[in-house]
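Before any comments, here is the structure.
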Amino acid sequence: MPARFSAPRGTFDVLPADSVRRAELYVAASQALTRAGYGRIETPVFEDTALFARGVGASTDIVQKEMFSFEDQGGRGLTLRPESTASICRAYVQHGMHKLPQPVKLWCWGPFFRHERPQAGRFRQFHQLDVETIGTDDPLADAESIILLDGILRGIGVPGVELRLGSLGSPASRAAYREELAAHLRSHENDLSADVRSRIDQNPLRAFDSDHAGTRETMASAPTMLDRLDSDDAEHFEAVKGLLDQAGVEYTLDGTLVRGLDYYTRTVFEFTSDRLGAQSALGGGGRYDGLVAELGGPETPAVGWAAGIERILLALGERAEEPTLDVFVAAADGQRERALAAVTELRGAGLRADLDLAGRSIKGQMKQADRTGASRAVVLGDDGSAKLRDMDSGEQREADLATILVELKESGG
Ligand code: HAM
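In numbering that gives the first Met the number 0, the protein residues as written are 0 to 412.
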């Protein structure tokens, strides 16, 4: 027997029953975003490795450990995209979108890849809904972006949603704060985990993410960035909070909210659900005022977020459900061609119609009709007769096939 294959570790197949909810989520998101003036962008699934090293940040876990990188036949370093923001900013610069009226509002939906340890809600290929508002530093844009994700999550009924909100300030105040934090860490060096100790200079903020007991204790007495915002950043943050208050969006302030990507400035946020286990983040994002310039474009402030599709579905509790048929057309042997013509006509009129493709007997076909959940069946007898059967009551009556089809089309399924 030849060896059988399974989908690679950390990946999964989306089977028809799972695809219904995903499609509903896609439709809800695309309607909400279209109504809010966002245009859909699609970027390649792989990009130059250097784009992510520069965009996401060389010291991040994503770039250091999690990228699926490879060399193509021409020796170019490529990487399966671990996130979307760097790609969208690359496209913004490449296509001169800074010349368009600002801000440019974009969204995308697709697969992303991170070589993480697989567990519930954490995959190596997962899907994100990503939203970016590029070309404005107005707090209104931060608030609009957060209100949109809040509305999408609530609109589809995700239970137990909470929002954490923080600000990382601007690069200058953050640099001063990092120094202060690094000094604090150094003065407690012996209490820290080896991982945090080795990154004191490179990325001291990541220490807030640690679950190591000694590190946590050290961080409890550390100053947070919220205590050290300069007056412009503090004013910006106050404005964002005020707009969320006005919109009735509840949040918890979190001065220790550290995102796993280096490009953030000012506002950062994360939505979680208590229905998820350890991987509780439904989505997150923030402002990234330096990224477009970092990628060779003009100084361009921007804000955005990404939400994990699988996490949202997990929190919703997936219903296994396939769409049911409106009509099943059963046919005796010599009548199969008429059956195909009939379902084609019904489908053309917008009905969900199907027929047997496996040579079943009429009895077998009626059983199949039952399984598909069809509310009605057309039965084409070998004498050329046609019957319309109500699958719930079992009532049926004979009529001309053309008349039955007209009736079905008029009833709309
Ligand atoms: P992120 O927090 O890295 O942000 O990812 C956003 C969301 O993607 C997470 O909250 C989670 O729901 C989902 N996610 C991430 N990794 C995995 C995984 N391995 N398996 C399943 N789901 C996962 C970003 O990616 C930023 N680009 C967001 C952003 C956009 N910031 C500004 N604009």
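Note that CB positions come from ideal geometry on N, CA and C, so glycine has one too.
With respect to the 8 Å criterion, P170 and A140 are not classified as neighbours on the basis of their beta carbons. The alpha-carbon separation between R359 and G349 amounts to approximately 26 Å. Going by DSSP, E409 is part of the alpha helix (DSSP H) stretching over L400 to S410. Under the rule that a run must span 3 or more residues, the beta strand (DSSP E) segments found entirely inside the segment 198-282 read 264-272. In this structure, the CA atom of P15 is about 51 Å from the CA atom of R227.
With a 10 Å radius around the Cβ and a threshold of 16 neighbouring Cβ atoms, V44 comes out exposed. Membership of R177 in the alpha helix (DSSP H) is indicated by the continuous run P170 to S186. The Cβ atoms of D355 and T59 lie no closer than 8 Å to each other. Within the same chain, F45, E46, T48, F51, M66, F67 and S68 come within 7 Å of T78 by CB-CB distance, once the 5 residues on both sides are set aside. With three or more CB-CB distances shorter than 8 Å, the segment 203-211 counts as touching the segment 179-192.
At a threshold of 7 Å, T84 counts as near the ligand HAM, since its beta carbon sits closer than that to one of the ligand's heavy atoms.
Between R396 and K386, the C-beta spacing is below 8 Å. Under the 10 Å beta carbon count, F4 is surrounded by fewer than 16 other beta carbons and is classified as exposed. Rounded to whole angstroms, E309 and D194 show a C-alpha spacing of 29 Å.
Not one heavy atom of the ligand HAM lies closer than 7 Å to the C-beta of A352.
Taking 7 Å as the cut-off, one finds no heavy atom of the ligand HAM near enough to the beta carbon of R337. Residue pairing by DSSP puts L379 in a beta bridge opposite A330 and A385. When DSSP states are grouped into helix, strand and coil, P15 belongs to the helix group. For R185, the CB contacts under 8 Å within the same chain, skipping 5 residues up- and downstream, are I199 in chain order. Straight-line spacing of the CA atoms in I145 and R346 works out to 41 Å.
In the DSSP annotation of this structure, the continuous segment of the alpha helix (DSSP H) that includes T84 starts and ends at T84 to Q93.
Per DSSP, the beta bridge partners of G76 are E70. By DSSP's assignment, P110 forms a beta bridge with H126. Out of A352, R337 and S392, the CA that lies nearest to the CA of G383 is found in R337. The segment 299-306 makes contact with the segment 80-91; the number of CB pairs closer than 8 Å reaches 3 or more. Within the segment 140-166, the runs of beta strand (DSSP E) at least 3 residues long that lie entirely inside it are, in chain order, 160-166.
Between G296 and V92, the beta carbon gap of about 4 Å places them in contact (Cβ cut-off 8 Å).
Take Q334, set aside five residues on each side of it, and the residues of its chain with a beta-carbon closer than 6 Å to its own are L379, in chain order. The closest heavy atom of the ligand HAM lies less than 7 Å from the beta carbon of E309. Ranked by Cα distance from L404, the first of T371, G363, L339 and I361 is L339.
Judged by DSSP secondary structure, A368 falls within the alpha helix (DSSP H) whose first and last residues are I361 to R370.
At a Cβ-Cβ threshold of 8 Å, R265 and G168 count as neighbours.
Relative to the non-hydrogen atoms of the ligand HAM, the Cβ of Y91 never comes closer than 7 Å to any of them. The Cβ atoms of L256 and R121 do not sit closer than 8 Å to each other. Under the 8 Å Cβ criterion, the segment 104-111 counts as touching the segment 28-37, having at least three qualifying pairs. The nearest non-hydrogen atom of the ligand HAM is less than 7 Å from the C-beta of A280.
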